[in-house]
Structure formats: structure tokens, C-alpha cells
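Only one structure is covered here, and it is reproduced in the block below.
2 protein chains.
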Amino acid sequence: MTNTSAMNKVNLETSVNHHIAISAIMIKRVFFKILSRNKLNITPEQWNVLYHLSESDGLTAGELSELTYKDLANMSRMTQKLEIAGLIEKKRDDTDKRIFKLFITEKGKVLNNRLHEYAFESTNISLEGIDEASKKIMVKSLKQVILNTEKFLK
Amino acid sequence: MTNTSAMNKVNLETSVNHHIAISAIMIKRVFFKILSRNKLNITPEQWNVLYHLSESDGLTAGELSELTYKDLANMSRMTQKLEIAGLIEKKRDDTDKRIFKLFITEKGKVLNNRLHEYAFESTNISLEGIDEASKKIMVKSLKQVILNTEKFLK
DNA sequence: CAGAAGTATTTGTCATGACAAATATATTTA
DNA sequence: TAAATATATTTGTCATGACAAATACTTCTG
Chain A
1 MTNTSAMNKV NLETSVNHHI AISAIMIKRV FFKILSRNKL NITPEQWNVL YHLSESDGLT
61 AGELSELTYK DLANMSRMTQ KLEIAGLIEK KRDDTDKRIF KLFITEKGKV LNNRLHEYAF
121 ESTNISLEGI DEASKKIMVK SLKQVILNTE KFLK
Chain B
155 MTNTSAMNKV NLETSVNHHI AISAIMIKRV FFKILSRNKL NITPEQWNVL YHLSESDGLT
215 AGELSELTYK DLANMSRMTQ KLEIAGLIEK KRDDTDKRIF KLFITEKGKV LNNRLHEYAF
275 ESTNISLEGI DEASKKIMVK SLKQVILNTE KFLK
């Protein structure tokens with residue numbers, strides 16, 4: 001044996017983490033596919049931003065990065081692209097000139113509503129055959145995972 | 155209302171898909187952090203390749219891309235990096251000259267064993283406080299998600 | 001067996017993710 | 001109030017993900 005320390009071998013076949021990772025990849029791929037099939041020139045990540053702005057307009061890039069669990073640097077680039085695409089607007093704050101407040105445009109709202117439909121469709125595809133009780137347990141457990149990892153990373 | 159069609163609004167707060175996506179991001183982030191803290195010059199994705207090669211040596215890039223649910227183009231680049239890092243070797247097949255067979259090196263094996271320890275550690279962090287029954291249900295449901303999405307994408 | 005079709009891998013491009021460093025503005029403090 | 005700190009955002013770099021196109025072999029078929 002190459003390694004003489006205690007061997008805690010991970011078995012991907014039974015690993016919860018691994019199945020979460022693969023499911024996430026596949027779910028995103030399905031959503032991505034549905035979006036491109038329908039010629040929607042937007043990514044799942046960009047939709048996430050639109051979603052949050054349509055729920056509460058006027059968020060900053062920093063607030064959005066927390067809500068979406070994304071790096072602020074990447075959020076900055078995403079909002080640039082969304083602004084260029086005319087889906088959101090950035091307005092410099094009057095009292096604090098470091099801040100941009102972000103607003104969804106009319107074009108963005110229209111697209112967002114269509115995206116809800118496609119997100120709904122992609123949800124139905126991925127969750128087919130899974131009963132409500134299991135879904136509840138999954139959401140509860142996944143919330144716990146998120147809490148655990150947030151605590152570790154803090 | 156902007157949209158006059160049937161409105162199937164998605165609520166991220168209760169969405170299984172959304173919680174899978176966020177959990178996956180956070181789990182990877184924890185593992186990534188543990189790896190860089192320990193000065194392991196490798197990414198979670200690259201470990202995935204090492205893992206599979208240590209389980210069954212001599213796989214091709216195509217086989218690896220299926221096992222890891224990754225794009226073949228990206229797998230090609232990942233194996234290039236792993237070869238440069240001296241963790242795997244690519245050997246041209248004698249009978250079919252299009253194929254490379256991939257082998258983990260001694261250096262790769264040593265690293266792989268260390269990575270199992272860190273994967274184990276990161277699993278414990280993310281799953282703390284989740285009971286065995288819930289874990290079983292999660293794995294079973296997530297396998298179903300993977301099947302559902304594979305079927306759709308095929 | 002030559003050309004067509006299929007297969008394995010690579011390369012190019014654009015979006016995202018992690019993370020360090022830079023920039024601009026605000027706030028705190030000596 | 002000037003200097004140090006803190007905060008919001010941006011830019012740069014490298015790895016990854018999706019996807020189209022190119023390359024190099026193999027296999028199939030007329």
C-alpha cells in the first residue's frame with residue numbers, strides 16, 4: 001500500500017456530496033439546453049440575477065453576490081454583461097458614490113417571466129418520479145449542508 | 155401584469171433544484187479551500203480524474219469524460235494539465251492510434267491517497283447533523299435526478 | 001480499395017468560478 | 001484634518017463548462 005496513514009477511502013458511488021455535484025451539473029445542463037433551444041440568449045447564472053432583481057429591485061452587486069452565493073468579482077462581470085444586453089440598469093448611488101444600484105428593465109422583466117416557465121419545465125424534468133416527502137427531506141438536508149459549509153467558510 | 159400566459163412562478167426558497175445547485179457550489183468551495191490550505195496544487199475536478207484512474211487504470215479520455223459527466227473537450231484539457239503536472243501518463247494505443255490510454259503515476263497515487271483524506275474531511279463538514287436515513291433518501295433521489303436528466307439530454 | 005461516415009481527441013471562444021490586486025470612495029482615528 | 005482602515009467595485013489570471021469546428025485515424029460501403 002502506498003499510503004500508511006489511516007485510510008478513509010471515499011466511495012463516489014455512495015457519496016452524498018458526489019451525487020449533489022453530479023445532479024447540479026446535470027440540472028444546469030438541462031436548463032441551459034432548454035434556454036438555448038428556445039433561442040434565449042441568457043445563461044442560468046444570469047437568470048439568477050434577473051430573478052433576484054425582479055423580487056427586490058435596487059440591490060447592489062455586493063448584495064446580489066451574497067444572495068446568489070457568487071464571487072463579487074464575477075458578479076461584477078455578470079452585471080456588466082446584463083447591462084450591455086439591456087436587461088438591467090446600473091444607477092450610481094447619490095450619497096455613496098462607490099455603490100451602483102441595479103434595476104431590472106422592462107425587457108428584463110419580460111424575459112424573466114419567460115424564464116420562470118422554462119425553470120418550471122426544467123424542474124419537472126429533473127424531479128420526475130420523486131415523491132413529495134423525499135423532496136421535503138432533500139430541501140431540509142440541503143439547507144443544512146449550506147449552513148454547515150457557510151459556517152466552515154466564514 | 156407583464157406576462158399574460160399561465161404563470162408558473164418558481165420560488166427559489168422552496169426549490170429542490172436551487173438547493174442542489176447552491177449546495178454543490180458550497181461543497182466544492184469547501185473542498186477547494188481545504189486543498190489550497192494544504193498547498194495541494196490540484197482542483198476538485200482534477201481529483202475526480204485521479205480518483206477514477208486509481209480505481210481503473212488505462213481509461214481513455216472519452217471514458218473518463220463519461221464517468222465524470224464532463225465534456226470531452228474539457229477532459230482533454232484537464233488530462234493535458236495532469237500530464238504536465240506529472241500525475242498521469244498518456245500512452246498512445248498500438249492498435250487504434252486515435253486513442254490515448256491514461257495511467258496514474260506513482261506521484262499521482264500518493265497524491266490521490268492524501269486527497270481521499272481531504273475529501274473525507276470535507277464530506278464530514280458538509281453533512282454534519284444530517285441523519286443516515288436522510289442521506290439514504292438523498293442519494294436515492296439524486297440518482298433519480300441524474301437518470302431523469304440523462305434521459306432528457308440523450 | 002477509394003470515398004463516405006464514424007470515432008477519439010484537440011483547439012477556439014465565450015461565460016463562470018476562485019482569488020489576488022488595483023481603484024475609488026467612505027469612515028475611523030490619532 | 002491627515003493618515004490609516006474599511007468598503008464597493010473592477011480587472012487580471014488561470015481552471016472549468018458548453019459547444020462548434022478542426023484534425024487524425026478507423027471502419028463501412030459501393
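So the sequence lines, in the order shown, correspond to chains A and B.
Under this note's numbering, the very last position in the first sequence is 154; numbers go up by exactly one each time.
Under this note's numbering, the very last position in the second sequence is 308; numbers go up by exactly one each time.
We put the CB at the ideal spot given by N, CA and C, even for glycine.
As the structure is a prediction and not an experimental result, all values here were calculated from the model.
Euclidean distance between Cα positions of residue i and residue j
| i | j | result |
| --- | --- | --- |
| residue 78/A | residue 249/B | 47 angstroms |
| residue 163/B | residue 225/B | 31 angstroms |
| residue 268/B | residue 115/A | 43 angstroms |
| residue 93/A | residue 73/A | 19 angstroms |
| residue 3/A | residue 19/A | Any reading at residue 3/A is ruled out, since the residue's pLDDT is 43, under 50, leaving its predicted position unreliable. |
| residue 284/B | residue 294/B | 15 angstroms |
| residue 210/B | residue 91/A | 55 angstroms |
| residue 125/A | residue 98/A | 43 angstroms |
| residue 1/A | residue 213/B | Its pLDDT being 45, under 50, residue 1/A is placed unreliably by the model, and nothing is read from it. |
| residue 111/A | residue 166/B | 17 angstroms |
| residue 208/B | residue 106/A | 53 angstroms |
| residue 26/A | residue 68/A | 19 angstroms |
| residue 215/B | residue 32/A | 24 angstroms |
| residue 41/A | residue 286/B | 42 angstroms |
| residue 44/A | residue 175/B | 11 angstroms |
| residue 80/A | residue 37/A | 24 angstroms |
| residue 117/A | residue 271/B | 43 angstroms |
| residue 82/A | residue 236/B | 35 angstroms |
DSSP state of residue i mapped onto helix, strand, coil
| i | result |
| --- | --- |
| residue 258/B | strand |
| residue 156/A | Coverage of chain A is limited to positions 1 through 154, which leaves residue 156/A absent and any answer about it impossible. |
| residue 166/B | helix |
| residue 207/B | helix |
| residue 64/A | helix |
| residue 194/B | coil |
| residue 281/B | helix |
| residue 87/A | coil |
| residue 145/A | helix |
Proximity below 7 angstroms, CB of residue i to CB of residue j
| i | j | result |
| --- | --- | --- |
| residue 52/A | residue 64/A | yes |
| residue 86/A | residue 50/A | no |
| residue 89/A | residue 103/A | yes |
| residue 137/A | residue 230/B | no |
| residue 30/A | residue 177/B | no |
| residue 128/A | residue 302/B | yes |
Classification of residue i by the beta-carbon crowding that lies within 10 angstroms, buried from 16 upward
| i | result |
| --- | --- |
| residue 46/A | buried |
| residue 14/A | exposed |
| residue 238/B | exposed |
| residue 119/A | buried |
| residue 276/B | buried |
| residue 142/A | buried |
| residue 17/A | buried |
| residue 307/B | exposed |
| residue 202/B | buried |
| residue 193/B | exposed |
| residue 151/A | exposed |
| residue 28/A | buried |
Residue i: CB within 6 angstroms of a non-hydrogen atom of the ligand NAD
| i | result |
| --- | --- |
| residue 31/A | The ligand NAD is not among the ligands present in this structure, which contains no ligands whatsoever. |
By the 8 angstroms beta-carbon criterion, what residues does the region 14-29 of chain A contribute toward chain B?
Among the residues of the region 14-29 of chain A, those with a Cβ less than 8 angstroms away from any Cβ of chain B are 14, 15, 16, 17, 19, 20, 21, 22, 23, 24, 25, 26, 27, 28, 29, in the order of the chain.
Using a Cβ-Cβ cut-off of less than 7 angstroms, list which residues of the region 131-147 of chain A approach chain B; keep chain order.
Within the region 131-147 of chain A, the residues whose Cβ lies closer than 7 angstroms to some Cβ of chain B are 134, 135, 137, 138, 139, 141, 142, 143, 144, 145, 146, listed in chain order.
In chain order, what residues of the region 248-266 of chain B put their CB closer than 7 angstroms to some CB of chain A?
Contact annotation: in the region 248-266 of chain B, residues whose CB is within less than 7 angstroms of a CB in chain A are 263, 264.
By the 7 angstroms beta-carbon criterion, what residues does the region 188-203 of chain B contribute toward chain A?
Of all residues in the region 188-203 of chain B, none has a C-beta nearer than 7 angstroms to a C-beta of chain A.
Looking at chain B, which residues of the region 117-130 of chain A have a Cβ within less than 7 angstroms of any of its Cβ atoms?
Residues of the region 117-130 of chain A whose Cβ lies closer than 7 angstroms to any Cβ of chain B, in chain order: 117, 119, 120, 123, 125, 126, 127, 128, 129, 130.
Quick one: which residues of the region 227-245 of chain B get their C-beta closer than 9 angstroms to a C-beta of chain A? List them in chain order.
Those residues of the region 227-245 of chain B placed with their C-beta closer than 9 angstroms to a C-beta in chain A do not exist.
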